[in-house]
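Engineer: Take a look at the following structure, please.
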Amino acid sequence: QFEGITMAPPDPILGVSEAFKADTNELKLNLGVGAYRTEDLQPYVLNVVKKAENLMLERGENKEYLPIEGLSAFNKVTSELLFGADNPVLQQQRVATIQGLSGTGSLRIAAALIERYFPGSKVLISSPTWGNHKNIFNDARVPWSEYQYYDPRTVGLDFAGMIDDIKAAPEGSFILLHGCAHNPTGIDPTPEQWEKIADLIQEKNHIPFFDVAYQGFASGSLDQDASSVRLFAARGMELLVAQSYSKNLGLYGERIGAINVLCSSADAATRVKSQLKRLARPMYSNPPIHGARIVANVIGIPELFSEWKKEMEMMAGRIKSVRQKLYDSLSVKDKSGKDWSFILKQIGMFSFTGLSKAQSESITNKWHVYMTKDGRISLAGLSAAKCEYLADAIIDTYYN
Ligand code: PLP
Ligand code: TYF
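Numbering-wise (this note's numbering), the sequence shown opens with residue 7 and increments by one.
The following block contains the structure:
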């Protein structure tokens with residue numbers, strides 16, 4: 007009976023928000039979850055989203071079920087945003103795209119595809135990675151192991167370790183790669199390193215599996231943030247990509263994203279798409295319509311698209327400016343001569359501070375600064391006004 011069910015552990019990221027809510031101290035700062043906040047630390051609904059929603063109201067659109075594969079206008083624009091509208095892989099109709107339940111749900115469908123059609127194949131994930139990756143592959147019964155990624159000595163990429171582990175993986179493994187703005191480290195391979203990774207993956211007949219949760223958020227440019235995926239596609243490789251609009255369009259709760267499978271032929275893409283639909287049908291039947299329409303309008307209407315790019319640059323710019331300010335504050339306040347410049351080298355929403363688990367607990371208890379236990383802080387939850395306070399908290403925690 008249900009009496010036998012034990013308590014599940016809290017989610018290591020979303021659980022931080024729960025603890026934050028319960029804290030009554032007014033100095034409290036939530037740097038746990040990766041969600042964009044304004045300088046006043048309030049959630050932000052993009053203007054283009056409001057405009058798209060108004061348009062939808064004016065048009066009096068209905069709430070009928072979508073087809074299993076989702077909104078066709080969405081599927082078209084989402085693959086164009088990812089690969090570039092003039093990419094030959096789209097003209098050749100080699101990409102199977104279906105709408106997914108944001109990044110997570112799209113990863114889950116991809117995992118189900120792997121489990122069904124590549125039984126026993128392993129997925130290699132970076133160490134460390136976004137915590138939910140392991141849960142997703144575990145629940146989909148897909149075996150996984152880790153490749154080295156983060157080097158604590160340099161607070162940078164362990165490129166040699168990464169290459170060794172990808173080389174050592176059984177032929178035909180799936181290599182999960184963060185398209186840009188690696189979560190949690192904020193450290194991405196350089197363009198030259200991406201080329202070498204692609205060389206090796208091709209050599210070993212591995213299949214690249216991209217998780218693209220931050221397109222436009224890392225550099226502020228949608229094209230630049232998709233360059234890793236496009237580099238692999240240009241080599242004629244087959245690949246998987248899970249996309250999310252949670253961050254770049256601020257559509258967290260709408261659950262809108264997509265799974266794209268780049269195949270070797272249009273015929274294969276048609277077959278793969280039919281199987282993606284077959285996997286989705288018994289899980290959730292068909293995806294939600296509201297977010298799909300927002301995205302289709304924002305990308306599809308030129309004025310909205312250019313306004314979106316400006317808003318995204320604004321968000322990415324605010325994060326970059328607090329990153330700089332935090333670095334400046336740390337450098338001025340820390341009299342030990344420690345080099346904090348790794349913070350400036352990291353990109354995207356997060357910074358990997360190097361604080362240990364014990365230190366991350368202590369900074370929460372003493373300073374009411376909430377962060378994940380791996381030492382990650384979300385700079386999107388930091389304001390310029392709070393940088394000095396955070397720098398004091400970090401330095402005090404580091405040296406005591
Ligand atoms: N993958 C990575 C690397 C993430 O950081 C996130 C969180 O934003 C996701 C996937 C999925 O998020 P969502 O399901 O909200 O799209
Ligand atoms: O890493 C983060 O903070 C974001 C948000 O189960 C997130 O990716 C965290 C946990 C989760 C879903 C989204």
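By construction, the Cβ of each residue, glycine as well, lies at the ideal position given by its N, Cα and C atoms.
For the candidate residues Leu385, Asp194, Ala174, Gln7, whose alpha-carbon lies nearest to that of Val161?
Structural biologist: Closest by alpha carbon: Asp194.
Engineer: Could you pull out every residue in the same chain whose Cβ sits closer than 7 angstroms to the Cβ of Cys269, ignoring the five residues on either side in sequence?
Structural biologist: Cβ within range, chain order: Arg100, Ala102, Glu244, Ala275, Val278.
Engineer: Measuring from the CB of Val375, is there a heavy atom of ligand 2 at a distance below 6 angstroms?
Structural biologist: Not under cutoff, so the answer is no.
Engineer: Taking the beta carbon of Lys128 as the centre, do at least 16 other beta carbons fall within 10 Å, making it buried, or is it exposed?
Structural biologist: Buried is the call here.
Engineer: What are the residues that DSSP puts in a beta bridge with Glu152?
Structural biologist: According to DSSP, Glu152 bridges with Ile131.
Engineer: Under 7 angstroms between the Cβ atoms of Phe80 and Ala302?
Structural biologist: For Phe80 and Ala302, yes; Cβs fall inside 7 angstroms.
Engineer: Examine ligand 1 and report whether any of its heavy atoms sits within less than 6 angstroms of the Cβ of Gly66.
Structural biologist: Not so, every heavy atom of ligand 1 lies at least 6 angstroms from the Cβ.
Engineer: The alpha helix (DSSP H) spanning Val301 covers which residue range?
Structural biologist: Start and end: 296-306.
Engineer: With distances taken Cα to Cα, identify the nearest neighbour of Lys173 among Lys27, Ile213, Tyr258.
Structural biologist: The candidate whose alpha carbon is nearest that of Lys173 is Ile213.
Engineer: So what's Ser234 in DSSP terms, helix, strand or just coil?
Structural biologist: Three-state DSSP puts Ser234 in a helix.
Engineer: Report the residue from Asp380, Ala399, Asp402 whose alpha carbon sits nearest the alpha carbon of Val38.
Structural biologist: Sequence check: residue 38 is Gly here, not Val. Taking only the C-alpha atoms, the option nearest Gly38 is Asp380.
Engineer: Would you call the stretch 293-312 and the stretch 133-147 touching, i.e. three or more CB-CB distances under 8 angstroms?
Structural biologist: Verdict: no, contact absent.
Engineer: Note down, in chain order, each residue of its chain lying with its Cβ closer than 6 angstroms to the Cβ of Asn292, except the 5 sequence neighbours on either side.
Structural biologist: So the list reads Tyr71, Leu72, Ile74, once near-sequence residues are dropped.
Engineer: Can you list, in chain order, the residues of its chain whose CB lies under 8 angstroms from that of Val83, leaving out five sequence neighbours each side?
Structural biologist: Result list for Val83: Val301, Ala302, Ile305, Gly306, in chain order.
Engineer: Is Asp194 near ligand 2, judged by its Cβ being under 6 angstroms from some heavy atom?
Structural biologist: For ligand 2, not one heavy atom lies less than 6 angstroms from the Cβ of Asp194.
Engineer: Helix, strand or coil for Tyr376, going by three-state DSSP, please let me know.
Structural biologist: If DSSP states are grouped into helix, strand and coil, Tyr376 belongs with the strands.
Engineer: DSSP on Arg147, reduced to helix/strand/coil?
Structural biologist: If DSSP states are grouped into helix, strand and coil, Arg147 belongs with coil.
Engineer: On the DSSP letters alone, give me the boundaries of the alpha helix (DSSP H) that Ser347 sits inside.
Structural biologist: Note, Ser347: premise wrong, no alpha helix (DSSP H); not H, not E.
Engineer: Using only the alpha-carbon positions, how far apart do Gln330 and Leu237 sit?
Structural biologist: If you take the alpha carbons of Gln330 and Leu237, they lie about 30 angstroms apart.
Engineer: On a CA-only basis, which of Leu246, Met377, Ala58, Ala117 is nearest Ser357? Give me that one, please.
Structural biologist: Among Leu246, Met377, Ala58, Ala117, the Cα nearest to that of Ser357 is on Met377.
Engineer: Can you pull the DSSP bridge partners for Thr103?
Structural biologist: Per DSSP, Asn266.
Engineer: Touching or not, the stretch 149-158 and the stretch 113-133, by the rule of three or more beta carbon pairs under 8 angstroms?
Structural biologist: Cβ pair count under 8 angstroms is three or more, so yes.
Engineer: In three-state terms, what does DSSP make of Ser78?
Structural biologist: Three-state DSSP puts Ser78 in a helix.
Engineer: Does the beta-carbon of Met321 have 16 or more other beta-carbons within 10 angstroms, so that it is buried, or is it exposed?
Structural biologist: Buried, because 16 or more other Cβ atoms sit within 10 Å of the Cβ of Met321.
Engineer: Under 8 angstroms, with one C-beta from each stretch per pair, do the stretch 323-339 and the stretch 105-114 reach the 3-pair mark?
Structural biologist: At 8 angstroms Cβ cutoff, the stretches do not touch.
Engineer: Considering just the uninterrupted stretch of the alpha helix (DSSP H) at Pro94, what are its terminal residues?
Structural biologist: Segment 94-97, the alpha helix (DSSP H) holding Pro94.
Engineer: Put Ser179 into one of helix, strand or coil per three-state DSSP.
Structural biologist: Ser179 falls in the coil class under three-state DSSP.
Engineer: Report, in whole angstroms, the separation of the C-beta atoms of Pro288 and Glu260, which I expect to be a contact under 8 angstroms.
Structural biologist: Not really, about 23 angstroms apart at Cβ, beyond 8 angstroms.
Engineer: With a CB to CB cut of under 6 angstroms and the five nearest residues on each side skipped, what residues in its chain are close to Gly387?
Structural biologist: Taken in chain order, the residues that qualify are Asn36, Leu37, Arg43.
Engineer: Once DSSP output is grouped into helix, strand and coil, what is the label at Ile213?
Structural biologist: Strand at Ile213.
Engineer: Quick one: Cα of Tyr258 to Cα of Ser252, how far?
Structural biologist: About 4 angstroms.
Engineer: If you draw a straight line from the alpha carbon of Ala117 to that of Lys202, how long is it in whole angstroms?
Structural biologist: Using only the alpha carbons, I get a separation of about 26 angstroms.
Engineer: What's the gap between the Cα of Ile207 and the Cα of Gly76?
Structural biologist: Approximately 31 angstroms, taken between the alpha carbons.
Engineer: Please confirm whether any heavy atom of ligand 1 lies closer than 6 angstroms to the CB of Ser252.
Structural biologist: Under cutoff, so the answer is yes.
Engineer: Alpha carbon to alpha carbon, how far is Lys339 from Tyr333?
Structural biologist: If you take the alpha carbons of Lys339 and Tyr333, they lie about 10 angstroms apart.
Engineer: Checking 7 angstroms against the spacing of the C-beta atoms, do Ala1 and Cys186 come in under that value?
Structural biologist: Lying before the first or after the last residue shown, residue 1 is absent from the chain, which here runs from 7 to 406.
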